[in-house]
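One structure is given below, encoded as structure tokens.
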Amino acid sequence: LALIEAGRTAERAAEPLLRAHRHPRARVALGQSAAAAGVLCGMDVSDGVLQDLGHIAKASRVGIQVAAGSLPLHPAAVDLLGTHAALDLALGGGEDFELLLCGPGELLGSLSRTDLPVTLIGRVVAEHPGEVTVWGEDGAPYEPPRRGWDQIRQAARPR
């Protein structure tokens, strides 16, 4: 949608992004490996990374801190939309066909050493239960324009 809004879908650089959207690949092998390794908390990213992390934080009564600079940004998204827009999409977009996993750092770190791509993007903390905080590379809190898709709030809006 961001590419359509930016009028950039016809550009050659958009091809890998459009292909990934049209033909998503479920991360089944990663989910199976994570479960076999003992990861007990995971979910798909369907409503946006921050929205879905918020569900985990609330249900688990923990805070979650995300390092904005650790999120993997597709080079084509950065090229076509710019770093800030690509970051905002990574944090608040949805339909990513990715998995969020929570567990002890050493356990998740061992997954990142397999042939399955895993990126550690943050940590669970006791402070601020139910909240997800994003920290920019400058060490300051970062608030993207959206935190994801909330079906309940969207459905409650008057038309």
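One gets the working numbering by counting positions in the sequence shown from 1 and adding 16 to each. Where is the CB? At the ideal position from N, CA and C, for every residue including glycine. From a predicted model like this one, the values you see are computed outputs, not experimental measurements.
- For a cut-off of 8 Å, the C-beta gap from S86 to L136 is around 7 Å, short enough to register as a contact.
- In the three-state reduction of the DSSP assignment, D131 falls in the coil class, being assigned neither a helical nor a strand state.
- In this structure, L132 keeps its C-beta atom at 8 Å or more from the C-beta atom of A36.
- For L69, no beta strand (DSSP E) run applies; the uninterrupted alpha helix (DSSP H) run containing it begins and ends at 65 to 76, by DSSP.
- With respect to A18, A101 sits close: the two C-beta atoms are nearer than 8 Å.
- Put simply, of P91, V78, T149, A22 the residue whose alpha carbon is nearest the alpha carbon of G108 is T149.
- By the CB criterion at 8 Å, I72 and C57 fall inside the cutoff.
- When rounded, the separation of the alpha-carbon atoms in A51 and L124 is 11 Å.
- Here DSSP, grouped into helix, strand and coil, assigns V55 to coil.
- Taking 8 Å as the cut-off, the beta carbon of G47 is found closer than this to the beta carbon of L115.
- In this structure, E111 is the residue among A156, G23, L89, E111 with its C-alpha nearest to the C-alpha of H39.
- For D68, the closest C-alpha among the options C118, E122, Y158 is that of C118.
- Residue W151 holds the alpha-carbon nearest to the alpha-carbon of L66 among S126, E27, W151.
- At the C-beta level, V82 and P145 stay beyond 8 Å of one another.
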